[in-house]
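A.B. asks:
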Amino acid sequence: MKIENILMVGAGLSGAVIGRRLGDEGHQVTVVDSRSHIAGNCHTERDPDTGVMVHVYGPHIFHTDDEDVWAYVNRFQTFKDYKNRVKATTGGAVYSLPINLHTINQFFAKTMLPDEAFAFITQEQADTSIKDPQTFEEQAMRFLGRDLYEAFFKGYTIKQWGRAPSELPASILKRLPVRFNYEDNYFFHKFQGMPENGYTDMVARILDHPRIDVKLETPFQRGQGDGYDHVFYSGALDGYFDFELGRLGYRTLDFEKFTYDGDYQGCAVMNYGEEQVPYTRITEHKHFSPWESHQRSVCYREFARAAEVDDIPYYPIRQVAEKALLADYVALAETTERVTFVGRLGTYRYLDMDVTIREALEAAEGFVSARAASRKVPTFFTPPV
Ligand code: UDP
Numbered sequence: 002m003k004i005e006n007i008l009m010v011g012a013g014l015s016g017a018v019i020g021r022r023l024g025d026e027g028h029q030v031t032v033v034d035s036r037s038h039i040a041g042n043c044h045t046e047r048d049p050d051t052g053v054m055v056h057v058y059g060p061h062i063f064h065t066d067d068e069d070v071w072a073y074v075n076r077f078q079t080f081k082d083y084k085n086r087v088k089a090t091t092g093g094a095v096y097s098l099p100i101n102l103h104t105i106n107q108f109f110a111k112t113m114l115p116d117e118a119f120a121f122i123t124q125e126q127a128d129t130s131i132k133d134p135q136t137f138e139e140q141a142m143r144f145l146g147r148d149l150y151e152a153f154f155k156g157y158t159i160k161q162w163g164r165a166p167s168e169l170p171a172s173i174l175k176r177l178p179v180r181f182n183y184e185d186n187y188f189f190h191k192f193q194g195m196p197e198n199g200y201t202d203m204v205a206r207i208l209d210h211p212r213i214d215v216k217l218e219t220p221f222q223r224g225q226g227d228g229y230d231h232v233f234y235s236g237a238l239d240g241y242f243d244f245e246l247g248r249l250g251y252r253t254l255d256f257e258k259f260t261y262d263g264d265y266q267g268c269a270v271m272n273y274g275e276e277q278v279p280y281t282r283i284t285e286h287k288h289f290s291p292w293e294s295h296q297r298s299v300c301y302r303e304f305a306r307a308a309e310v311d312d313i314p315y316y317p318i319r320q321v322a323e324k325a326l327l328a329d330y331v332a333l334a335e336t337t338e339r340v341t342f343v344g345r346l347g348t349y350r351y352l353d354m355d356v357t358i359r360e361a362l363e364a365a366e367g368f369v370s371a372r373a374a375s376r377k378v379p380t381f382f383t384p385p386v
């Protein structure tokens, strides 16, 4: 096997996982990142004043059904037991999320049993005239009904996405379950946890390899890949082409950080369902590490808005207009040589961490087998459109 020089653009999960696999394979890997730290948007660091581990770019909870991915992350970090139990403030009361029997009984001031609540929601609340829900609003009206939709989803979604739920796809709401029992674990996956020393420590261990060289504060410039045998690019797809066809739309987040002496809200994540409250949620970071004890506390008020030129891209919008532009960028990307686009930004998709790792492992495997068979390495391993 020929030892190749590989350039990984981005030191987030995709870059680290692919880089590690190719380093293990014997290749020489250079990882560049424009930021001053590794781990991309799952970067964690201890707040110097309080000692609390902060999820710098917003809350990241690891959850998966994928046994290989779970085994992989556990190679590089001890995962502590953590269950995400989210609360929501709306209409002057606090409820449990995702919508479960406790939420329903509290909200409607009833004492229904599971079958009664199911009958109540499906027969009295849900709008059964909607046969094939296409939009976020139709999906919510069809399965929850107006009352719950307006209290928990309408205002939050307008704040989060900056668009009416009637213009958003049903797929966004399909991320959230509705339960007719008292299970309030936000995720239903087999494995869930928090890295004991944070995500950045986990990513540092993935990157800790004699054939991997990490260069921070090194923005990628087109042409920089010329001296390499192959480039894996996990930056924004449109950014690779200097936005020459236009900009793919993203939502960005602003965090208003504050400290508190004690326990500010008693839980890690409190969502705010009403549109009048300008933030979507408040995160109290010390509750993400329940095995640690801290007197003082660090919280983030989270505000979503359209990403401008210099903002950090978070959520790809992926509406009709963006998808058309995306298709043009994908066609342009297909004309490049020796570049593979990976990850959330490289493929313009809303990806959970476990899926990002799964796809990165597959991309690295795909590279190795393409080389073994003297085939072209694909520009995309997972088609963005
Ligand atoms: N959502 C909502 N109210 C909530 C929580 C979520 O309306 O209290 C909607 C919102 O549109 C959000 C989507 O459901 O974008 C998916 O929620 P999830 O918790 O998966 O969002 P994430 O934590 O990934 O931002």
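Its first residue numbered 2, the sequence shown is counted upward by one per residue in the numbering used here. Even glycine gets a Cβ: it sits at the ideal position worked out from N, Cα and C.
#1: Under the three-state reduction of DSSP, which class applies to Asp353: helix, strand or coil?
#2: Would Glu276 be called buried (16 or more neighbouring beta carbons within 10 Å of its own) or exposed?
#3: Decide if Ser35 is buried, meaning its Cβ has at least 16 other Cβ atoms within 10 Å, or exposed.
#4: Less than 7 Å between the CB of Gln135 and some heavy atom of the ligand UDP, yes or no?
#5: Do you know offhand how far Ala120's Cα is from Phe108's?
#6: What is the rounded straight-line gap between the Cα of Phe99 and the Cα of Arg147?
#7: Short of 7 Å in beta carbon distance, which residues of its chain neighbour Ala171, apart from the five on each side in sequence? Order them along the chain.
#8: By how many angstroms is the C-alpha of Gly41 removed from the C-alpha of Gly13?
#9: Unbroken beta strand (DSSP E) runs of length 3 or more, entirely within the stretch 37-113: which are they?
#10: How long is the line joining the alpha carbons of Glu168 and His295, rounded to whole angstroms?
#11: In chain order, what residues of the same chain have a beta carbon less than 7 Å from the beta carbon of Pro379, not counting five sequence neighbours either side?
#12: Span of the alpha helix (DSSP H) holding Ile19?
#13: Which residues in the same chain as His288 place their Cβ atom closer than 7 Å to its Cβ, once the five residues preceding and following it in sequence are excluded?
#14: Pop quiz: Gly226 and Val232 are said to be a contact at Cβ under 8 Å. What is the actual Cβ separation, rounded to whole angstroms?
#15: With a 10 Å radius around its C-beta and 16 neighbouring C-beta atoms as the bar for buried, classify Ile4 as buried or exposed.
#16: Go ahead and pull the three-state DSSP assignment for Gly224.
#17: Check whether the Cβ of Gly274 lies closer than 7 Å to any heavy atom of the ligand UDP, and answer yes or no.
#18: Rounded to the nearest angstrom, what separates Ala364 and Phe382 at their Cα positions?
#19: In this structure, does DSSP put Tyr316 in helix, strand or coil?
#20: Contact defined as beta carbons within less than 8 Å: I believe Gly194 pairs with Phe63. What is the distance between those atoms, to the nearest angstrom?
#21: Which of helix, strand or coil does DSSP assign to Leu208?
#22: For the stretch 249-263 against the stretch 44-63, do three or more pairs of beta-carbon atoms, one drawn from each stretch, fall closer than 8 Å, so that the two count as touching?
#23: Spatial neighbours of Glu335 within its chain, please: C-beta separation below 7 Å, excluding the five flanking residues on both sides.
#24: Just reading off the beta strand (DSSP E) that Asp264 is part of, what are its end residues?
#25: Would you say Arg306 faces chain C, with C-beta separation under 8 Å as the test?
#26: Ignore the nearest five residues each way along the sequence and tell me which others in Ser370's own chain have a CB closer than 6 Å to its CB.
#27: Whole alpha helix (DSSP H) runs in the stretch 154-181 with 4 or more residues, listed along the chain?
C.D. replies: Taking the structure as given:
#1: Coil.
#2: Glu276 comes out exposed.
#3: Residue environment analysis places Ser35 among the exposed positions, since fewer than 16 neighbouring C-beta atoms fall within 10 angstroms of its C-beta.
#4: Distance from the C-beta of Gln135 to the nearest heavy atom of the ligand UDP is not below 7 Å.
#5: Roughly 16 Å between the two C-alpha positions.
#6: Sequence inspection shows Pro at residue 99; the Phe mentioned does not correspond to that position. Approximately 16 Å, taken between the alpha carbons.
#7: For Ala171, same chain residues with a beta-carbon under 7 Å away, outside a window of 5 residues either side, are Pro134, Gln135, Thr136, Phe137, Glu139 and Gln140 in chain order.
#8: Straight-line measurement puts the Cα of Gly41 at about 4 Å from the Cα of Gly13.
#9: Within the stretch 37-113, the complete beta strand (DSSP E) runs of at least 3 residues are 45-47, 54-56, 63-65, 80-82, 88-91 and 94-97.
#10: Taking the straight line from one Cα to the other gives about 43 Å.
#11: Thr341 and Gly367, listed in sequence order.
#12: Annotation: the continuous alpha helix (DSSP H) that includes Ile19 extends over Leu14 to Glu26.
#13: Leaving aside the five residues that flank His288 on each side, the residues in its chain whose CB is nearer than 7 Å to its CB run, in chain order, Cys268 and Ala269.
#14: Rounded to whole angstroms, the Cβ separation of Gly226 and Val232 is 4 Å, and the two are in contact under 8 Å.
#15: That one is exposed.
#16: Of the three classes helix, strand and coil, the one that applies to Gly224 here is coil, per DSSP.
#17: Yes; taking the cut-off as 7 Å, the Cβ of Gly274 has a heavy atom of the ligand UDP nearer than that.
#18: Straight through space, the alpha carbons of Phe382 and Ala364 are spaced by roughly 6 Å.
#19: Assigned with DSSP and collapsed to three states, Tyr316 falls in strand.
#20: Correct: roughly 6 Å between the Cβ atoms.
#21: DSSP places Leu208 in helix when its eight states are reduced to three.
#22: With the cut-off at 8 Å, the stretch 249-263 and the stretch 44-63 touch.
#23: Excluding residues within five positions, the ones whose Cβ falls inside 7 Å are Thr380.
#24: Per DSSP, Asp264 belongs to no beta strand (DSSP E) and is neither H nor E.
#25: In the structure shown, chain C does not exist; there is a single protein chain.
#26: Excluding positions up to five away in sequence, the list is empty.
#27: For secondary structure counted as the alpha helix (DSSP H) over 4 or more consecutive residues, the stretch 154-181 holds these complete runs in sequence order: 156-162 and 171-174.
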